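Colleague: What the sequence shown shows, in this note's numbering, is residues 77 to 160, in sequence order.
Ideal Cβ positions, reconstructed from N, Cα and C, are used throughout, including at glycine.
Since the structure is predicted, the reported quantities are computational estimates derived from the model, not experimental observations.
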Amino acid sequence: MKAKAFLKMKAFWKSVLWLGLAFILIYNFITMMFDYGGFHFAQFFQDRTENGNWLRFVLAQLMGGFLYGFILAFGQFHVKQKKS
77 MKAKAFLKMK AFWKSVLWLG LAFILIYNFI TMMFDYGGFH FAQFFQDRTE NGNWLRFVLA
137 QLMGGFLYGF ILAFGQFHVK QKKS
């Protein structure tokens with residue numbers, strides 16, 4: 077199966093979505109733990125969204141999550157295809 081075939085599969089895009097969301101959550105929790113020493117959600121989001129930076133924060137999270145999810149899902153589907 078070629079790479080273009082992966083892009084047409086609904087299961088591929090579901091994997092991209094779930095892997096991307098998991099990445100966003102885990103990344104933000106780890107960042108919060110290192111920066112604030114605990115779960116300080118209000119301060120974490122206030123610092124990242126103040127002064128009109130909310131759009132930058134949201135877009136960066138979505139782009140990062142999408143790229144991570146896409147790369148991992150593509151790798152998973154490619155390995156499955158090679159095994160079969």
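With a CB to CB cut of under 7 Å and the five nearest residues on each side skipped, what residues in its chain are close to L95?
Modeller: Along the sequence shown, one-based indexing puts residue 95 at 19. The residues are Y144, G145, L148, A149.
Colleague: Starting from the C-beta of F88, find all residues in its chain whose C-beta is less than 7 Å away, skip the five residues before and the five after it, and write them out in chain order.
Modeller: As a working mapping, residue 88 is identified with position 12 in the sequence shown. These residues qualify, in order along the chain: F82, A149, F153.
Colleague: Could you give the distance in angstroms between the alpha-carbon of T107 and the alpha-carbon of Q122?
Modeller: On the sequence shown, residue 107 is found 31 positions in, with the first residue counted as 1. On the sequence shown, residue 122 is found 46 positions in, with the first residue counted as 1. C-alpha separation (whole angstroms): 14 Å.
Colleague: With a threshold of 16 other CB atoms inside 10 Å of the CB of V134, please say whether the residue is buried or exposed.
Modeller: Your numbering for residue 134 matches position 58 in the sequence shown. By the 10 Å Cβ count, V134 comes out exposed.
Colleague: Go to F115, then tell me how far its alpha helix (DSSP H) extends in each direction, as first and last residue.
Modeller: Here the question's residue 115 lines up with position 39 in the sequence shown. Careful: F115 lies outside any alpha helix (DSSP H) and carries neither H nor E.
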